[in-house]
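Chains as they are written, first to last, in the UniProt record's numbering: chain A, 1 to 541; chain B, 1 to 541.
Working notes, structure below.
Protein chains: 2
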Amino acid sequence: MRSTMQETPLNISTLLAFGSSVYSRSRIHTVTADGLRTATFADLGARAAQLAHALRDDLGVRGDDRVATFMWNNVEHLEAYVAVPSMGAVLHTLNIRLYPDQLTYIADHAEDKVVLVDGSLIPLLARVLPGFGTVEHVVVVGDGDPAPLAAAGKAVHRYEDLLAGKPTSYDWPAVPETDAAAMCYTSGTTGNPKGVVYSHRSIYLHSMQVAMPQSFGLTEANRILTIVPMFHAMAWGIPYAALLTGATLVMPDRFLQAPALVRAIEESGADFAGAVPTIWNDVLHHLDAHGGDISTLKRAVVGGSAVPPALMSAFEERYGMRIIHAWGMTETSPLGCVSHPPAGTEGEEAFAYRVTQGRFPAGVQARLAGPDGTIVPNDGEAVGELEVRGPWITGAYYRDEDPERFHDGWLRTGDVGTITGDGYLTLTDRAKDVIKSGGEWISSVELENHLMAHPAVAEATVVAVPDPRWQERPLAAVVLREGHTAAAAELSEYLSGLIPKWQLPERWTYLKEVPKTSVGKFDKKEVRRAYADGELEVTVL
Amino acid sequence: MRSTMQETPLNISTLLAFGSSVYSRSRIHTVTADGLRTATFADLGARAAQLAHALRDDLGVRGDDRVATFMWNNVEHLEAYVAVPSMGAVLHTLNIRLYPDQLTYIADHAEDKVVLVDGSLIPLLARVLPGFGTVEHVVVVGDGDPAPLAAAGKAVHRYEDLLAGKPTSYDWPAVPETDAAAMCYTSGTTGNPKGVVYSHRSIYLHSMQVAMPQSFGLTEANRILTIVPMFHAMAWGIPYAALLTGATLVMPDRFLQAPALVRAIEESGADFAGAVPTIWNDVLHHLDAHGGDISTLKRAVVGGSAVPPALMSAFEERYGMRIIHAWGMTETSPLGCVSHPPAGTEGEEAFAYRVTQGRFPAGVQARLAGPDGTIVPNDGEAVGELEVRGPWITGAYYRDEDPERFHDGWLRTGDVGTITGDGYLTLTDRAKDVIKSGGEWISSVELENHLMAHPAVAEATVVAVPDPRWQERPLAAVVLREGHTAAAAELSEYLSGLIPKWQLPERWTYLKEVPKTSVGKFDKKEVRRAYADGELEVTVL
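Below, the structure written as structure tokens:
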């Protein structure tokens with residue numbers, strides 16, 4: 001039986017028309033070297049229309065042509081966020097921090113036709129632009145010498161010249177909601193980046209979820225400092241959620257150092273923010289050392305990697321700011337779970353919930369797949385790889401078969417942990433780092449944390465090595481503190497009081513230091529290679 | 001270009017699976033003569049599964065069979081709300097307050113197969129049941145003598161007998177989101193009731209909107225007294241929104257008198273409620289006369305008809321409860337707009353916004369059609385009939401062509417008013433009551449309000465009468481206060497200081513009293529008839 005409901009698509013032009021009229025007075029502040037420059041949502045609507053006219057009439061953007069951005073968080077980037085999908089084209093946010101060959105790969109793979117670039121990023125783009133085979137036009141936002149771009153053989157335009165005189169309204173097409181709206185590539189540590197293509201529907205639904213109280217709880221009264229880059233997982237959906245709720249946006253542009261962020265909070269009165277833990281760590285140290293008034297800032301959503309509980313406590317106790325832990329990934333739009341404690345909990349009990357990755361909303365179904373691929377219960381005990389499903393979760397990668405990443409239509413996240421009966425996710429390991437021993441999983445992170453708590457140990461990493469009987473077993477690689485000794489037998493004895501006996505490593509090695517990746521994480525791959533190549537001196541207990 | 005997003009349907013079984021697991025400890029309180037009886041959301045999930053098994057295996061419910069309810073607000077009604085759509089069947093909430101011939105009409109028109117009835121409503125149902133041609137089974141919830149139902153020739157069952165021993169889980173089918181989930185008939189004052197069929201998608205999206213801060217702003221911490229009947233526009237979507245957010249529900253069952261409602265608030269600690277203005281008027285008088293502690297109740301959404309500003313002030317000043325004005329109709333799921341003042345407004349300025357019908361969310365596009373059908377601007381001045389469009393707005397009536405109610409795919413609401421540039425709706429008239437004079441509209445309500453403010457006037461109604469030159473002109477029908485006189489010329493002179501000259505009525509008549517409808521409203525149709533039939537003595541100025 002058919003319903004009688006209207007078949008109205010969920011799309012970006014609806015968000016734009018809504019936000020720019022009903023919340024016409026809401027503001028977008030962009031940080032500059034001389035303070036904030038400010039536009040209203042009404043301005044956003046008018047300029048998005050001008051941009052769409054320019055892209056169509058001057059640059060020949062048609063159908064689902066890809067329009068890329070190579071930009072910081074600023075009002076012009078937001079104009080592209082809304083204009084490009086609303087006109088039916090596809091926004092591709094280039095991550096300016098990718099390696100040059102990755103950038104070339106993704107611009108070609110996505111078949112970008114136009115690139116919008118911030119003046120301050122011209123030198124960075126110029127280095128890779130000659131390799132962007134499909135790009136015809138480059139549009140420079142703001143100042144900056146465009147010569148290096150023209151040298152790459154592309155038509156170069158000034159953003160403001162293109163917009164000048166264009167009509168301030170546009171007859172946005174009725175784009176079907178399942179059509180592509182935007183795309184973003186994930187930067188895996190191995191292989192080529194993989195493209196995720198968001199639909200109008202997924203972005204619309206995700207925006208509603210972001211605004212809901214069980215997620216970020218946004219209203220017209222909020223002033224959101226959007227630190228998380230717009231080229232990273234759509235800035236966690238905050239720009240679109242602002243249109244839906246009328247929340248004011250504060251865009252830091254390229255001014256991402258702690259002193260500049262504190263100044264932006266002081267100047268804008270931001271009461272909400274979103275950024276990764278590293279940023280908050282810097283801000284905390286800056287505040288502690290140099291002072292600053294962040295009293296307007298009541299809440300910050302922090303994700304991208306696990307938040308140290310000490311960081312949460314420090315901001316709450318010293319600066320009255322509550323950190324809300326969240327989890328997500330490019331493939332999940334990115335929300336994800338958000339760690340609000342259950343209603344009625346307080347104090348330490350509440351804090352214990354807040355340091356987990358949080359609870360999923362109804363739009364993200366979650367389950368755990370155990371070592372043999374069967375689904376294990378959500379009981380807070382059983383460990384498995386997190387798999388997710390839902391209307392804003394990717395079910396594929398763009399033009400890139402990778403069936404290993406999907407399981408009966410669910411996305412395999414590569415994260416390992418537990419889920420409680422009431423839905424709280426706690427992640428412990430990356431799937432590639434757990435040790436699969438005889439059909440059971442051993443958490444390398446748990447063993448490492450225990451070892452590093454031993455007084456004689458400076459650093460420790462635990463990796464899986466092949467074992468004829470158990471398939472894999474743990475190898476403990478330990479760096480001792482200067483002047484300390486601790487034999488393998490002693491450390492094993494110490495661990496045996498903390499973990500089940502069957503998880504105790506038989507193989508031990510001592511290193512001068514643990515090899516690290518370029519971003520400072522333990523390089524487990526290198527430890528495994530050294531073991532396989534017989535370069536390590538190993539004690540077997 | 002296709003997106004890579006998963007094609008996961010938005011449907012009721014997802015809400016049910018989510019709410020009954022993640023919010024398993026949230027509660028549903030049902031008022032009884034002896035206090036509250038309480039179930040958890042986990043119980044709801046288990047019993048909904050049992051109900052689905054019973055409907056399928058014992059009563060033969062298949063495909064999109066219609067399962068009707070004839071019930072108060074209670075936990076069993078909620079079980080039907082979630083079980084029936086989740087199994088793929090269609091819930092039809094029978095409005096127990098319809099006239100008998102309307103009930104017979106809608107049960108037959110919807111082709112109901114099963115009716116669930118509260119024991120306390122058996123006598124009311126028994127009067128109409130013999131005429132329910134398609135109904136095969138009646139299921140009695142709670143106690144009550146089923147004999148009168150069996151006398152109608154239907155198979156009669158006890159709800160608890162059917163559920164006993166059934167499995168507490170059910171393999172809910174993957175219902176496409178555009179399939180019918182529930183239906184509700186509107187009771188127009190003329191003609192047969194008209195059916196609106198909600199889809200899984202419309203209910204899901206509507207639930208998200210209800211939960212958003214710009215609408216009701218619901219969380220797990222809320223305790224919602226759901227006074228608005230579940231047979232009336234799906235209880236404003238509150239039951240489904242509770243599953244999405246974990247909010248506790250307080251269901252008043254048949255105990256809807258003011259003393260019982262106050263007791264339910266005291267016993268449940270309800271902090272949020274939804275009901276029509278009449279109910280709040282009764283509660284206010286009861287509190288003022290007899291006392292009562294409603295200090296937990298912070299907010300109430302009030303809709304169904306315009307809220308008198310005095311009622312809003314009284315609750316706020318005397319009982320610390322904020323009334324939030326809202327507008328919607330069965331055809332709009334029903335949300336509609338909600339009247340939160342813009343961020344940053346306070347005091348009288350904020351109150352002026354709060355007494356409007358409020359602002360629409362992004363999911364409800366709104367426009368005004370002027371007297372000649374062209375769209376007039378949203379500028380707070382231009383008057384037109386409100387037309388709405390969106391994913392939870394009906395685009396038709398069930399098996400009932402009524403093209404007059406739609407305009408290029410937009411629903412004509414039959415309400416007339418203005419919309420400001422920032423989206424606030426103010427309704428002034430029903431479309432059928434405005435006077436269409438030479439391509440302009442005259443508000444009969446505005447003329448009536450002015451006339452009734454004159455010291456000599458007890459009551460006044462203004463109706464449209466045919467006019468050879470202007471198509472329609474106003475006829476003022478006045479009832480004078482005892483011992484007062486006021487000639488037509490004097491009243492016209494009085495009005496001329498208050499309204500534009502071209503709106504002044506030429507035709508005046510004096511009545512002993514204004515004829516009223518069965519619910520106490522001015523019966524304009526009767527006045528028009530009396531004029532047309534020459535029964536009124538008319539002065540023409």
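All C-beta atoms, glycine included, are put in the ideal place defined by N, C-alpha and C.
Indicate the three-state DSSP secondary structure (helix, strand or coil) for residue i in the structure shown.
i: serine 13 of chain B; result: helix
i: proline 371 of chain B; result: coil
i: glutamate 160 of chain B; result: helix
i: valine 364 of chain A; result: coil
i: leucine 256 of chain B; result: coil
i: glycine 246 of chain B; result: coil
i: histidine 232 of chain A; result: coil
i: asparagine 281 of chain B; result: helix
i: leucine 504 of chain A; result: coil
i: methionine 183 of chain A; result: strand
i: valine 197 of chain A; result: strand
i: aspartate 271 of chain A; result: coil
Cβ closer than 7 Å: which chain A residues qualify as neighbours of residue i?
i: residue 551 of chain B; result: Any property of residue 551 of chain B remains undetermined from this structure, which presents chain B solely from 1 to 541.
i: aspartate 379 of chain B; result: What aspartate 379 of chain B touches in chain A: nothing, since even the nearest Cβ is about 11 Å away.
i: glycine 423 of chain B; result: Ser21, Val22
Leaving out five residues before and five after residue i in sequence, what residues of the same chain have Cβ atoms less than 8 Å from its Cβ?
i: isoleucine 499 of chain B; result: Glu446, Leu447, His450
i: proline 277 of chain A; result: Val302, Gly304, Ser305, Ala306, Val307, Pro308, Leu311
Residues of chain A with CB under 9 Å from residue i, in chain order?
i: tryptophan 172 of chain B; result: Correct list: empty, because the minimum Cβ distance to chain A is about 13 Å.
i: serine 339 of chain B; result: Residues of chain A passing the Cβ test: none, with the nearest at roughly 13 Å.
i: proline 391 of chain B; result: Met5, Gln6, Glu7, Thr8, Pro9, Leu10
i: valine 197 of chain B; result: Met1, Arg2, Ser3, Thr4, Met5
Suppose the cutoff is 6 Å on Cβ atoms and the five residues either side in sequence are ignored; what does the same chain contact list for residue i look like?
i: methionine 312 of chain B; result: Ile323
i: glycine 269 of chain A; result: Arg223, Thr296
i: valine 540 of chain B; result: Glu506, Arg507
i: glycine 380 of chain B; result: Thr418, Thr420
i: arginine 37 of chain A; result: Thr30
Closest Cβ-Cβ distance between residue i and chain B: below 9 Å?
i: glutamine 214 of chain A; result: yes
i: alanine 221 of chain A; result: yes
i: glutamate 7 of chain A; result: yes
i: glutamine 503 of chain A; result: no
i: threonine 38 of chain A; result: no
i: serine 21 of chain A; result: yes
i: glycine 358 of chain A; result: no
i: methionine 208 of chain A; result: yes
DSSP has residue i in a bridge; who is on the other side?
i: serine 437 of chain B; result: B:Glu440, B:Gln471
i: tryptophan 327 of chain A; result: A:Cys337
i: proline 85 of chain B; result: Proline 85 of chain B pairs with nothing; no bridge assigned.
Kindly list the residues whose CB is nearer than 7 Å to the CB of residue i, restricted to its own chain and excluding five residues on each side of it in sequence; keep chain order.
i: leucine 16 of chain B; result: Gly45, Ala48, Val82, Ser86, Leu243
i: histidine 53 of chain B; result: Lys166, Pro167, Tyr170
i: proline 229 of chain B; result: Asn73, Ala235
i: alanine 458 of chain A; result: Val479, Leu480, Arg481
i: threonine 104 of chain B; result: Val128, Gly131, Phe132
i: glycine 423 of chain A; result: Arg359, Phe360
i: leucine 205 of chain B; result: Leu10, Gly363, Pro391, Trp392
i: methionine 452 of chain A; result: Glu459, Ala460
i: serine 187 of chain B; result: Asn95, Leu98, Gln102, Pro193
Can you pull the chain B residues whose beta carbon is under 9 Å from the beta carbon of residue i, in chain order?
i: glycine 417 of chain A; result: Per Cβ cutoff of 9 Å: no residues; glycine 417 of chain A is ~16 Å from chain B at best.
Against chain A, with Cβ distances strictly below 9 Å, would residue i count as a contact?
i: aspartate 271 of chain B; result: no
i: tyrosine 159 of chain B; result: no
i: glycine 131 of chain B; result: no
i: leucine 44 of chain B; result: no
How would you list, in chain order, the residues of chain B whose beta-carbon sits under 7 Å from the beta-carbon of residue i?
i: proline 342 of chain A; result: Glu220
Run down chain A in chain order and give the residues with a C-beta less than 8 Å from the C-beta of residue i.
i: leucine 15 of chain B; result: Ala362
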